[in-house]
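So the sequence shown is numbered by the working numbering: it starts at 769 and just counts up by one.
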Amino acid sequence: MADQLFKKRMNGFAGKGELTAFNLAMVAEALETVRQLSEKNIGWEEVEKRIGEYKSWDPDILKVDKDTENGYRRRLEEWNRPVVLLSEEAGRVEINKDSNGEPVYVVCDPFDGSYLFKHGIPDFWYSSLAFYDKNFAPLCCCVGDCVSRKIAYANNGGAFIVDLNEDGTPGKEVRLDKKYREQMGRPDVTEMDGASIESYAMKPKKFLIPLVDRYRDLLVPFKFFLPNGGPYGFVDVAEGKIDVYFAMKQPFVDVFSGIYIAQQAGVVVTDFKGNAVQCSDNVKTVHDVVASTNPVLHEKVLKRIADCENK
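Take a look at the structure:
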């Protein structure tokens, strides 16, 4: 039944290109996995601990994390293409390395929002997966919202967001760009005192306190602050719901499983110095990235970042 439904989803997304359809079908399946676990009130059980320095501040691996990741791995194994999977729980895994064809990199954040899931708070639950070629040029990327059952995605044709039908097949879709943001009543905001900013702050010791200590002067002028982050932070800016996503020391998978959507939606994305952000074969790195809806606001944010860092 699951395989038949997966094929149905693949067929539904077929017009978007073979790889994009595969990406979308996998993320739609992950969203269904999360929904089923939540409805059964399971998935919150701790099944493993992260070992070593990487994410030592967040060591618990829940069943929902493993089940979504294992679902992705299964589909990649069935794909029969050489893949290097860079994923939050598994780390770096080579899949189908003896198969024919050019290898691709897959960056995966199987489930983002584990603490909220464990405590029954149905918000900020995401699952994301992105494909890169052997030189780390982005091919396609999907970030799924497990609660609203929407998937934002990007490929060489642009960035989009699609509603899922009950069975995970595609429903209504819109293109994410400046025109969309304006149509939704979210025009460019060029001054910080009228803008909103998002940065992950739900873990006080690791993120909230360091964020305020170092970047207080950046945050103070903004009109609104959203304490979320991860791959969907890039989608929030792509949609124009948030004007700036300030990703401070975010894990590799949180960045590179979602960044392509912002890049293809016509927003500005750089590191804190204004440089381009490049993916690489190092899943245990952390990155400072900032995305803004427009270049005028972005330059002001970069200047304020520099002022904070030079104090």
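Virtual Cβ for every residue (Gly too), placed ideally from N, Cα, C.
All values derive from a computational prediction rather than experimental measurement.
Is it the case that the Cβ atoms of I1029 and C909 are separated by a distance below 9 Å? Within the sequence shown, the letter at position 261 stands for residue 1029. Within the sequence shown, the letter at position 141 stands for residue 909. Their beta carbons are under 9 Å apart, which means I1029 touches C909 by this criterion.
Within a Cβ cutoff of 7 Å, which residues of the same chain sit near N779, ignoring the five residues on either side of it in sequence? As a working mapping, residue 779 is identified with position 11 in the sequence shown. So no residue of the chain qualifies.
From the DSSP output, in three-state form, read off Y921 for me. Position 153 of the sequence shown, counted from the first residue, corresponds to residue 921. It is a strand residue.
Rounded to a whole number of angstroms, what is the C-alpha to C-alpha distance between E800 and K1071? Looking up residue 800 in the sequence shown gives position 32. Looking up residue 1071 in the sequence shown gives position 303. Each residue's Cα considered, the two are about 43 Å apart.
Quick check on the DSSP output: what are the complete alpha helix (DSSP H) runs of length 4 or more inside the region 970-1041, in order along the chain? 977-987, 999-1007, 1020-1024, 1027-1032
Per DSSP, what kind of secondary structure is Y968 in: helix, strand or coil? Walking along the sequence shown from the start, residue 968 turns up at place 200. Y968 falls in the coil class under three-state DSSP.
Range of the contiguous alpha helix (DSSP H) that encloses A1074: As a first step, residue 1074 must be located in the sequence shown, where it is residue number 306. It spans 1063-1077 - the alpha helix (DSSP H) in which A1074 sits, taken as one unbroken run.
Could you have a look at F774 and say whether DSSP puts it in helix, strand or coil? The sequence position of residue 774 within the sequence shown is 6, counting from 1. In this structure, F774 counts as helix in the three-state DSSP scheme.
Host beta strand (DSSP E) of V872 (start-end): To locate residue 872, count along the sequence shown from 1; it is residue 104. Its beta strand (DSSP E) spans residues 872-880.
Pull up the DSSP beta-bridge partners for C1047, would you. The sequence position of residue 1047 within the sequence shown is 279, counting from 1. Note: C1047 sits in no beta bridge, so no partner.
Inter-residue CB distance, F904 and S1025 (contact presumed, cutoff 8 Å): Mapped onto the sequence shown, residue 904 falls at position 136. Mapped onto the sequence shown, residue 1025 falls at position 257. So it is not a contact: roughly 13 Å between Cβ atoms.
May I ask you to list the residues that DSSP assigns as paired with I910? To locate residue 910, count along the sequence shown from 1; it is residue 142. It is Cys, not Ile, that sits at residue 910 in the sequence shown. C910 is bridged to L897, Y921.
Beta-carbon proximity of V875 to A898, cut-off 9 Å: Mapped onto the sequence shown, residue 875 falls at position 107. Mapped onto the sequence shown, residue 898 falls at position 130. Cβ distance < 9 Å, so V875 and A898 count as in contact.
Grouping DSSP H, G and I as helix and E and B as strand, with all else coil, what is L944? As a working note, residue 944 is residue 176 in the sequence shown. Looking at L944 - three-state DSSP - the assignment turns out to be coil, as it is neither helix nor strand.
What separation, rounded to the nearest whole angstrom, lies between the Cα atoms of L944 and I919? Here residue 944 is taken as the residue at index 176 of the sequence shown, counted from 1. Here residue 919 is taken as the residue at index 151 of the sequence shown, counted from 1. In a straight line, the C-alpha of L944 is about 12 Å away from that of I919.
Which same chain residues end up closer than 6 Å to Y968 when comparing Cβ atoms and leaving out the 5 residues on each side of it in sequence? The sequence position of residue 968 within the sequence shown is 200, counting from 1. Cβ contact annotation for Y968 (same chain, cutoff 6 Å, sequence separation greater than five): F975, G997, in chain order.
Run through DSSP, which three-state label would K817 get? Walking along the sequence shown from the start, residue 817 turns up at place 49. When secondary structure is reduced to three states using DSSP, K817 falls in the strand class.
Using DSSP bridges, identify the partner residues of L830. The count along the sequence shown starts at 1 and reaches residue 830 at position 62. Answer by DSSP bridge pairing, in chain order: E814.
Can the beta-carbon of E837 be found less than 9 Å from the beta-carbon of F879? The count along the sequence shown starts at 1 and reaches residue 837 at position 69. The count along the sequence shown starts at 1 and reaches residue 879 at position 111. For E837 and F879, yes; Cβs fall inside 9 Å.
Three or more C-beta pairs below 8 Å linking the region 779-788 and the region 797-816: no
Using a threshold of 9 Å, state whether the C-beta atoms of V1021 and A1059 are closer than that. Your numbering for residue 1021 matches position 253 in the sequence shown. Your numbering for residue 1059 matches position 291 in the sequence shown. Cβ atoms of V1021 and A1059: not closer than 9 Å.
Backbone secondary structure at R860 - three-state DSSP: Numbered from 1 along the sequence shown, position 92 holds the residue referred to as residue 860. Strand.
Taking DSSP as the reference, what is the three-state secondary structure of S1060? Translated into the one-based positions of the sequence shown, residue 1060 becomes position 292. Three-state DSSP puts S1060 in a strand.
Once the 5 residues before and after Q1046 are set aside, which same chain residues still bring their CB inside 8 Å of it? In the sequence shown, residue 1046 corresponds to position 278, counting from 1. Excluding residues within five positions, the ones whose Cβ falls inside 8 Å are F904.
Taking the Cβ atom as the reference point for each residue, do P871 and R849 lie within a distance shorter than 9 Å? Residue mapping note: residue 871 aligns to position 103 of the sequence shown, counting from 1. Residue mapping note: residue 849 aligns to position 81 of the sequence shown, counting from 1. Taking 9 Å as the Cβ cut-off, P871 and R849 qualify as a contacting pair.
Select from L907, A1074, K1068 the residue whose C-alpha is nearest the C-alpha of I965. Residue mapping note: residue 965 aligns to position 197 of the sequence shown, counting from 1. Ranking L907, A1074, K1068 by Cα distance to I965 puts K1068 first.
Is it right to say S916 is buried, meaning 16 or more other beta carbons lie within 10 angstroms of its own, or is it exposed? Counting from 1 along the sequence shown, the entry for residue 916 is found at position 148. Counting Cβ neighbours within 10 Å, S916 comes out exposed, since fewer than 16 surround it.
Verify whether the separation of the beta carbon atoms of K834 and E807 is less than 9 Å. Here the question's residue 834 lines up with position 66 in the sequence shown. Here the question's residue 807 lines up with position 39 in the sequence shown. In this structure, K834 sits away from E807, with a CB-CB distance that is not shorter than 9 Å.
Quick one: using the 10 Å Cβ neighbour count with 16 as the cut-off for buried, is K831 buried or exposed? Residue numbering aside, residue 831 sits at position 63 when the sequence shown is read from its first letter. K831 is buried by the Cβ-count criterion.
Could you tell me the distance, in whole angstroms, from the CA atom of T1038 to the CA atom of P995? One-based indexing of the sequence shown puts residue 1038 at position 270. One-based indexing of the sequence shown puts residue 995 at position 227. Take the alpha-carbon of T1038 and the one of P995: they are about 20 Å apart.
Measure the C-alpha to C-alpha separation of G839 and N809 and round it to an integer number of angstroms. Residue mapping note: residue 839 aligns to position 71 of the sequence shown, counting from 1. Residue mapping note: residue 809 aligns to position 41 of the sequence shown, counting from 1. Answer to the nearest angstrom: the Cα atoms are 19 Å apart.
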